[in-house]
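Notes follow the structure.
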Amino acid sequence: MLDDHFFRLYGNIQRSKWLVAVLTAVVIIAAVIGLKSVCFDNNIELMLPGNDEVYRSIRFLRESNLSDKVILSLGLKSSEYTTKDLIAAVKKIEESLGPPLVTDVISGIPENNVVEEMLELLKYAPQLIDEPNLLLIEKQINPSGVKESLQNNYRQFLTPASTLIIPFIRSDPLGIYSNILRSLQKIYSSVGYEVTVENGYFISKDRKHAMLILDTPINLTDGFGSRKLISYLNNRLNILPDFISADIIAGHLHTVSNEDVIKRDIRLTLIIASTAFILLFIVVFRDLGAIIIFLIPLASVIVSINISNLILNKLSYFIIGMGAVIAGIAVDYGIHVYTALRIGDSRQEAVKSIAKPLIIGALTTISVFASFFFSSVQGYHQLAFFSILSIILCLACSLFILPHFIIKGKYNKLAHTVKKYGKQINQRSLKEPKTQDKLIVLCWAIFMIIALILSKQISFNSEISQFDGSEIEIIKAEQKFNSVWVNKTSPAVFVVQENSLEEALKVNEKIYREAKTVVGEDNFSSLAAIWPSKQTREANVDRWKKFWKQGKEEKLRKLISTYGSDYNFSEDAFSPFFDNLYACTIVEDEPKRIKIYKRLKERFVIAKNNRLQVMSFFPDEDKYVNAMSTISCHYPGTFLVSRKVLSRMLSKSVSSEIILLSGIAAIMISLLTCLLLKNIKMTALALIPVITGTAAVIGIIPIFGLSLNAPSLIAAMVVLGLCIDYGIFMVYTCSRNLKTGTRMAVSLSAITTLIGAGVLLFANHPVLFSIGATIVSGVLFGYIASIIVIPSFYRLWIENTT
Amino acid sequence: MQKTALLLILFLVMPAIDRYAETSGIKTHKNLAPDLYEVLHRLEDNTSEIRTLKTEFVQEKELAVFKEKIILNGMIFLQKPELFAWHIIEPLSYSMVIKGDTLSQWDENTKKTQKISLSKNPAFQVAISQMKDWFSGKYTSMTEDYDIIILKRKPVSLKFIPRKNTTAGNVIDSVTVIFRDDERYIHQIYIKEKSSNSTLLTFVNTQLNTPLEAAAWEVQPRVR
Chain A
0 MLDDHFFRLY
10 GNIQRSKWLV
20 AVLTAVVIIA
30 AVIGLKSVCF
40 DNNIELMLPG
50 NDEVYRSIRF
60 LRESNLSDKV
70 ILSLGLKSSE
80 YTTKDLIAAV
90 KKIEESLGPP
100 LVTDVISGIP
110 ENNVVEEMLE
120 LLKYAPQLID
130 EPNLLLIEKQ
140 INPSGVKESL
150 QNNYRQFLTP
160 ASTLIIPFIR
170 SDPLGIYSNI
180 LRSLQKIYSS
190 VGYEVTVENG
200 YFISKDRKHA
210 MLILDTPINL
220 TDGFGSRKLI
230 SYLNNRLNIL
240 PDFISADIIA
250 GHLHTVSNED
260 VIKRDIRLTL
270 IIASTAFILL
280 FIVVFRDLGA
290 IIIFLIPLAS
300 VIVSINISNL
310 ILNKLSYFII
320 GMGAVIAGIA
330 VDYGIHVYTA
340 LRIGDSRQEA
350 VKSIAKPLII
360 GALTTISVFA
370 SFFFSSVQGY
380 HQLAFFSILS
390 IILCLACSLF
400 ILPHFIIKGK
410 YNKLAHTVKK
420 YGKQINQRSL
430 KEPKTQDKLI
440 VLCWAIFMII
450 ALILSKQISF
460 NSEISQFDGS
470 EIEIIKAEQK
480 FNSVWVNKTS
490 PAVFVVQENS
500 LEEALKVNEK
510 IYREAKTVVG
520 EDNFSSLAAI
530 WPSKQTREAN
540 VDRWKKFWKQ
550 GKEEKLRKLI
560 STYGSDYNFS
570 EDAFSPFFDN
580 LYACTIVEDE
590 PKRIKIYKRL
600 KERFVIAKNN
610 RLQVMSFFPD
620 EDKYVNAMST
630 ISCHYPGTFL
640 VSRKVLSRML
650 SKSVSSEIIL
660 LSGIAAIMIS
670 LLTCLLLKNI
680 KMTALALIPV
690 ITGTAAVIGI
700 IPIFGLSLNA
710 PSLIAAMVVL
720 GLCIDYGIFM
730 VYTCSRNLKT
740 GTRMAVSLSA
750 ITTLIGAGVL
760 LFANHPVLFS
770 IGATIVSGVL
780 FGYIASIIVI
790 PSFYRLWIEN
800 TT
Chain G
0 MQKTALLLIL
10 FLVMPAIDRY
20 AETSGIKTHK
30 NLAPDLYEVL
40 HRLEDNTSEI
50 RTLKTEFVQE
60 KELAVFKEKI
70 ILNGMIFLQK
80 PELFAWHIIE
90 PLSYSMVIKG
100 DTLSQWDENT
110 KKTQKISLSK
120 NPAFQVAISQ
130 MKDWFSGKYT
140 SMTEDYDIII
150 LKRKPVSLKF
160 IPRKNTTAGN
170 VIDSVTVIFR
180 DDERYIHQIY
190 IKEKSSNSTL
200 LTFVNTQLNT
210 PLEAAAWEVQ
220 PRVR
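Residue numbers (numbering that gives the first Met the number 0), protein chains in the order written: chain A, 0 to 801; chain G, 0 to 223.
Next up, the structure:
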């Protein structure tokens with residue numbers, strides 16, 4: 000019944016083939032035009048496992064200003080020049096940078112009024128000193144405590160470095176504000192860079208490098224903007240004198256470099272692939288009509304992109320990249336139909352004999368991609384839909400359109416080749432098993448054992464950095480930067496997310512109190528250490544006022560007056576302390592006049608999408624991450640971002656995801672093949688190329704020092720889909736003794752796939768290279784197994800036993 | 000706690016102080032008047048011959064925090080390239096010794112020795128190198144951060160006025176240095192602060208290039 004439907008449709012199209020051709024052409028042209036309106040999405044979340052924690056971490060790293068900053072590291076090339084020359088260069092560059100691409104330049108700490116700013120901050124002590132610290136202060140306000148303080152102050156006034164500390168001691172005779180200063184010091188140290196400040200500029204410890212931190216509105220995922228930004232910066236850096244080196248450290252560089260590498264790779268691979276295909280065309284086909292074989296998958300992919308875009312709304316760039324792979328798979332259908340038409344006696348008979356194995360092959364390949372629907376990765380669903388649609392369209396065109404436009408009867412190289420080498424290629428007897436068959440099977444078994452032994456060395460690499468195809472100069476510049484400026488690994492981040500700053504600071508304080516006990520105050524860098532919530536500050540002020548006004552102020556004045564005279568202190572020696580006792584008791588949202596606070600806030604607070612995120616930093620080590628994770632569980636709206644944990648999560652998620660999908664694909668292939676072939680033994684034979692290809696991938700990859708990763712696992716699944724096609728065709732040929740040039744068609748299919756994937760071995764981008772290595776090793780051995788091993792197995796196992 | 004406070008303040012505040020001296024030696028400075036350059040060059044030549052220094056000092060501090068002038072007596076030791084010691088004997092016992100990267104200080108109140116790594120405390124490093132540079136006589140390099148006026152030629156007396164836009168300029172009004180008659184070393188340094196505080200440091204019994212006792216580099220009580 001299905002045959003009837005098939006050939007009714009075939010006949011209808013044959014009768015109105017030119018109308019069909021015109022309609023097809025119109026659809027293709029419309030699809031090509033429609034490409035301009037396709038929305039592409041480079042959101043990496045689309046390709047990540049559906050894990051909320053992973054999405055959140057990636058989104059945070061992308062959206063936080065931790066990633067978008069650009070750093071310029073200037074260095075002295077010659078010891079003849081000094082830090083002052085370096086600073087002069089910094090000033091020159093700083094003046095040359097400005098909007099719209101650079102919105103702010105931070106080259107150091109402003110030289111002027113640092114002392115005044117510090118003293119201003121200490122005036123906020125009434126808001127910052129909490130109850131425990133007030134109790135400590137109370138313990139000092141007694142004769143022995145004041146005597147000891149005055150003695151220390153006296154000594155410090157006489158030491159060589161007294162000039163700068165006098166204002167501080169006068170403002171804080173008891174040293175009660177030292178906690179504020181200690182907290183400030185810790186926060187400065189948490190920046191992560193080892194900087195000193197000279198003349199107000201960030202200078203490295205070796206005094207040979209200076210750093211500028213630039214703010215830019217260009218998001219690092221914006222390829223076009225990144226290119227403009229880098230070009231602008233390089234242009235500006237040209238004004239530097241010869242004795243100054245300059246390195247740009249920015250995620251934007253990676254964006255641009257990856258784009259350049261991929262473009263170069265695509266150009267190179269297209270040239271090589273085009274050349275190879277043209278040669279193949281000239282040497283093997285020598286028929287203009289054969290061009291249609293290569294146009295069909297291209298047209299199918301273009302139409303599929305448009306349909307996918309209509310239904311899915313947005314397509315990931317990765318999916319489009321996979322389009323080339325799909326085209327490589329789908330061209331096989333056209334090759335099989337073309338070969339059958341050329342070799343076979345009549346057009347209809349040729350199509351009739353080839354249709355069933357072709358459809359079975361396509362269905363099994365579709366089943367591989369259908370397994371992606373079981374994935375939690377949104378991008379894989381897109382891949383599944385797009386791939387299945389492309390394959391269906393390609394198959395339909397190959398079966399229903401291509402046959403009507405291949406002209407039979409004319410001399411063609413293909414048939415001539417087949418006839419000339421008939422005995423060796425296509426006409427070899429399949430009837431009697433030979434010793435050679437046993438040898439072939441034995442060799443195959445040995446290969447499988449060796450491959451499985453070698454596969455024990457296979458490893459899975461989930462590091463995100465392996466997908467970075469940036470040029471080596473960029474990596475080297477970053478290594479140099481780290482050796483000069485970085486004192487420790489990137490910290491983990493604890494994020495409090497609320498609708499307002501006040502709400503976020505309240506939660507942040509609670510987190511800080513708990514973190515101090517589990518992680519240690521020295522290991523947890525938080526804004527709460529120097530600027531609590533308004534509510535807390537108001538409570539502190541009330542407490543402070545009550546404390547001093549209930550007699551403590553008077554008592555302290557008397558004690559200082561009494562014991563101060565022993566050290567010759569003047570009556571107003573510590574008047575700044577008493578004058579400022581109630582200075583900043585009106586609680587503002589933040590100390591706007593203090594630039595130090597502004598800079599710190601930029602580090603600890605992010606405003607995104609009408610929400611405030613307050614960050615705290617701690618060492619990215621398992622014990623601390625675990626401890627803070629436990630704390631986070633008690634506070635909804637808080638989360639952790641740990642690069643180490645993210646990497647592990649991604650690895651676990653991706654590998655378990657792919658293993659699941661591979662398993663599903665393997666089961667679906669096996670079941671479908673069995674269902675369609677209706678014979679267990681034939682199914683087993685058809686699976687030989689699949690097993691061989693898989694063994695080849697996992698055995699050969701480690702030999703070349705490569706490891707599996709997510710793209711190569713997806714490519715391995717594509718290998719399954721290709722190899723099962725070879726298996727099905729060879730099993731059909733063996734069982735039905737088809738005279739449709741199957742071996743030639745399978746060979747041509749394998750060659751075209753190997754060309755398409757093989758060119759990726761010339762690619763510099765690690766992802767493309769990884770995909771190429773996987774497909775080449777899998778398809779090559781899968782093909783060899785289909786051509787050589789299946790017939791031998793067939794003769795030994797099926798023919799011999801019947 | 001207060002000693003810690005001092006360190007913290009210095010850590011936070013001192014980075015804003017200019018680093019005055021470079022270690023690259025005497026340079027020609029284009030914008031210097033020839034006579035000033037000649038004087039500075041001559042003084043630097045003389046002080047560059049000094050390998051060791053041992054001197055008593057009398058320091059008079061007029062600080063607004065005190066009712067009266069405070070007079071300190073002590074000793075300074077210097078041995079190029081890396082050893083520097085400042086010992087106060089009266090009115091309190093205090094010692095600060097710098098050996099390369101390490102600063103040690105002791106006082107009679109706490110009776111504890113505190114050690115600080117200068118490379119890990121760049122603020123301290125800047126402050127101490129400033130002090131050492133004054134005593135080591137690297138005056139030519141100071142011309143970038145100070146305007147220098149010759150007050151007298153015999154004995155040489157120079158006035159250093161910090162330039163605007165330097166943090167020293169926010170704190171110090173001027174530094175006047177009076178040299179010995181033989182111009183081999185400093186006789187007096189007078190620091191006038193913008194806050195009206197002032198310090199007069201007078202060197203007495205200065206001995207140049209004499210062997211220094213090992214005890215000079217120990218932080219310990221000195222005999223009064």
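Cβ atoms here follow ideal geometry from the backbone N, Cα and C, with glycine treated the same way.
### Query
Under 8 Å Cβ-Cβ, which residues of chain A neighbour Asp-106(G)?
For this step, residue 106(G) is matched to residue 107 along the second sequence. Result: Arg-154.
### Query
Leu-228(A) to Ile-217(A), Cα distance in whole Å?
Here residue 228(A) corresponds to residue number 229 of the first sequence, with the count starting at 1. Here residue 217(A) corresponds to residue number 218 of the first sequence, with the count starting at 1. Cα to Cα, the separation comes out at about 8 Å.
### Message
Any beta carbon from chain A within less than 8 Å of Glu-300(G)'s own beta carbon?
### Response
Shown here, chain G extends from 0 to 223; a query on residue 300(G) therefore has no answer.
### Message
At the 8 Å Cβ level, is Asn-231(G) part of the contact set with chain A, yes or no?
### Response
Chain G is shown from 0 up to 223; residue 231(G) falls before or after that span and cannot be answered.
### Query
By how many angstroms is the C-alpha of Pro-356(A) removed from the C-alpha of Asp-436(A)?
Counted from its first residue, the first sequence places residue 436(A) at position 437. Counted from its first residue, the first sequence places residue 356(A) at position 357. Roughly 25 Å separates the two Cα atoms.
### Query
Cβ of Leu-675(A) within 8 Å of Cβ of Ile-270(A)?
For the purposes of this step, residue 675(A) is taken as the residue at position 676 of the first sequence. For the purposes of this step, residue 270(A) is taken as the residue at position 271 of the first sequence. No, the Cβ-Cβ distance between Leu-675(A) and Ile-270(A) is not below 8 Å.
### Task
Put Asp-129(A) into one of helix, strand or coil per three-state DSSP.
If you number the first sequence from 1, residue 129(A) lands on position 130. Coil at Asp-129(A), not helix or strand.
### Message
Contact between the region 284-294 of chain A and the region 768-781 of chain A is defined here as three or more beta-carbon pairs at a separation below 8 Å; is this criterion met?
### Response
no
#### Entry: Between the CA atoms of Phe-371(A) and Ile-687(A) - distance to the nearest angstrom
On the first sequence, residue 687(A) is found 688 positions in, with the first residue counted as 1. On the first sequence, residue 371(A) is found 372 positions in, with the first residue counted as 1. Their Cα atoms are separated by approximately 23 Å.
### DSSP beta-bridge partners of Asp-146(G)
As a first step, residue 146(G) is located in the second sequence; it is residue number 147 there, counting from the start. Ile-160(G), per the DSSP bridge assignment.
### Partner residues on chain A for Leu-71(G), Cβ-Cβ distance less than 7 Å
As a position in the second sequence, residue 71(G) is number 72, starting the count at 1. What Leu-71(G) touches in chain A: Leu-157.
### Query
Looking at the unbroken beta strand (DSSP E) that takes in Met-614(A), where does it start and where does it end?
Residue 614(A) sits at position 615 when you count from the first residue of the first sequence. Run containing Met-614(A): 610-617, per the beta strand (DSSP E) assignment.
### Message
Using CA atoms only, rank isn't needed, just tell me which of Ser-352(A), Ile-702(A), Glu-589(A) is closest to Glu-537(A).
### Response
By 1-based counting over the first sequence, the position of residue 537(A) is 538. Closest option to Glu-537(A), Cα to Cα, is Glu-589(A).
### Query
Hey, which unbroken runs of the beta strand (DSSP E) at 3 residues or more fall wholly within the region 598-659 of chain A?
604-607, 610-617, 637-640
### Query
So what does Gly-73(G) bridge to, in DSSP terms?
As a working mapping, residue 73(G) is identified with position 74 in the second sequence. Looking at the DSSP assignment, Gly-73(G) forms a beta bridge with Phe-56(G), Ile-87(G).
### Task
Kindly list, in the order they appear in chain G, the residues whose Cβ is closer than 9 Å to that of Arg-169(A).
Taking the first sequence and counting its residues from 1, one reaches residue 169(A) at position 170. In chain order: Ala-63, Val-64.
### Message
So that I know if they touch, is there some Cβ in chain G lying closer than 8 Å to that of Ala-756(A)?
### Response
The residue given as residue 756(A) occupies position 757 in the first sequence. Not closer than 8 Å to any Cβ of chain G, the Cβ of Ala-756(A) fails to qualify, so no.
### Task
Determine, using beta carbons only, whether Phe-283(A) and Val-788(A) come nearer to each other than 8 Å.
In the first sequence, counting from the first residue as 1, residue 283(A) sits at position 284. In the first sequence, counting from the first residue as 1, residue 788(A) sits at position 789. This sequence places Val at residue 283(A); Phe is not what is there. Result no, Cβ atoms of Val-283(A) and Val-788(A) do not sit closer than 8 Å.
### Query
In angstroms, rounded to a whole number, what distance separates the CA positions of Ser-106(A) and Glu-197(A)?
Your numbering for residue 106(A) matches position 107 in the first sequence. Your numbering for residue 197(A) matches position 198 in the first sequence. Cα-Cα distance, rounded: 11 Å.
### Query
Do the CB positions of Leu-71(A) and Ile-292(A) come within less than 8 Å of each other?
The residue given as residue 71(A) occupies position 72 in the first sequence. The residue given as residue 292(A) occupies position 293 in the first sequence. No, the pair does not count as a contact, with Cβ atoms beyond the cut-off.
### Task
State whether the region 441-453 of chain A contacts the region 689-700 of chain A, with contact taken as three or more CB pairs (one from each stretch) at a distance under 8 Å.
yes
### Query
For a contact meaning CB atoms closer than 7 Å, what does Glu-192(G) contact in chain A?
Stepping through the second sequence from its first residue, residue 192(G) is reached at position 193. Those are Thr-162, listed as they occur along chain A.
### Query
Should Phe-603(A) be flagged as near chain G, meaning a C-beta pair shorter than 8 Å?
As a first step, residue 603(A) must be located in the first sequence, where it is residue number 604. Judged by the 8 Å Cβ criterion, Phe-603(A) is not in contact with chain G.
### Query
Cβ of Val-170(G) less than 8 Å from any chain A Cβ?
Here the question's residue 170(G) lines up with position 171 in the second sequence. Chain A, which has a Cβ nearer than 8 Å to the Cβ of Val-170(G), makes this yes.
### Task
Buried or exposed for Val-604(A), please, with buried defined as at least 16 other CB atoms from any protein chain shown within 10 angstroms of its CB.
Looking up residue 604(A) in the first sequence gives position 605. Result: buried.
### From Gln-219(G), Pro-210(G), Val-218(G), Trp-216(G), residue whose alpha carbon lies closest to that of Thr-51(G)
Translated into the one-based positions of the second sequence, residue 51(G) becomes position 52. Cα-wise, what sits closest to Thr-51(G) is Pro-210(G).
### Message
When you compare the region 147-160 of chain A with the region 46-64 of chain G, are there three or more beta-carbon pairs, one atom per stretch, that lie closer than 8 Å?
### Response
yes
### Query
Excluding five sequence neighbours on each side, which residues of the same chain lie with their C-beta closer than 7 Å to the C-beta of Asp-264(A)?
The residue given as residue 264(A) occupies position 265 in the first sequence. For Asp-264(A), where only same-chain residues beyond five positions count, the Cβ hits under 7 Å are Ala-762, Asn-763, His-764, Leu-767.
### Query
Is Thr-364(A) helix, strand or coil by DSSP?
To locate residue 364(A), count along the first sequence from 1; it is residue 365. Reduced to three states, the DSSP call for Thr-364(A) is helix.
### Query
Could you give the distance in angstroms between the alpha-carbon of Met-130(G) and the alpha-carbon of Asp-565(A)?
Locating residue 130(G) in the second sequence gives position 131, counting from the first residue. Locating residue 565(A) in the first sequence gives position 566, counting from the first residue. So the two alpha carbons sit approximately 30 Å from each other.
### Message
Our contact map puts Lys-204(A) next to Thr-215(A) with C-beta atoms below 8 Å; I'd like the distance itself, whole angstroms only.
### Response
The residue given as residue 204(A) occupies position 205 in the first sequence. The residue given as residue 215(A) occupies position 216 in the first sequence. Not really, about 27 Å apart at Cβ, beyond 8 Å.
### Message
Alpha carbons only, please: which of Gln-478(A), Ser-386(A), Phe-617(A) is nearest the one belonging to Val-717(A)?
### Response
Here the question's residue 717(A) lines up with position 718 in the first sequence. Residue Ser-386(A) is the option with its Cα nearest to Val-717(A).
### Chain-ordered neighbours of Met-130(G) on chain A, where CB pairs are closer than 7 Å
Here the question's residue 130(G) lines up with position 131 in the second sequence. Ordered by position in chain A, the residues that pass the 7 Å Cβ test against Met-130(G) are Pro-159.
### Task
Reducing DSSP to helix, strand and coil, say where Thr-195(A) ends up.
Within the first sequence, residue 195(A) is the residue found at index 196, counting from 1. Correct three-state label for Thr-195(A): strand.
### Length of the line joining the Cα atoms of Lys-16(A) and Val-653(A)
Within the first sequence, residue 16(A) is the residue found at index 17, counting from 1. Within the first sequence, residue 653(A) is the residue found at index 654, counting from 1. The straight-line gap from Cα to Cα measures roughly 47 Å.
### Query
Can you name the residues that DSSP bridges to Asp-106(G)?
On the second sequence, position 107 is the one that residue 106(G) refers to. DSSP output for Asp-106(G) lists Tyr-93(G) as bridge partner(s).
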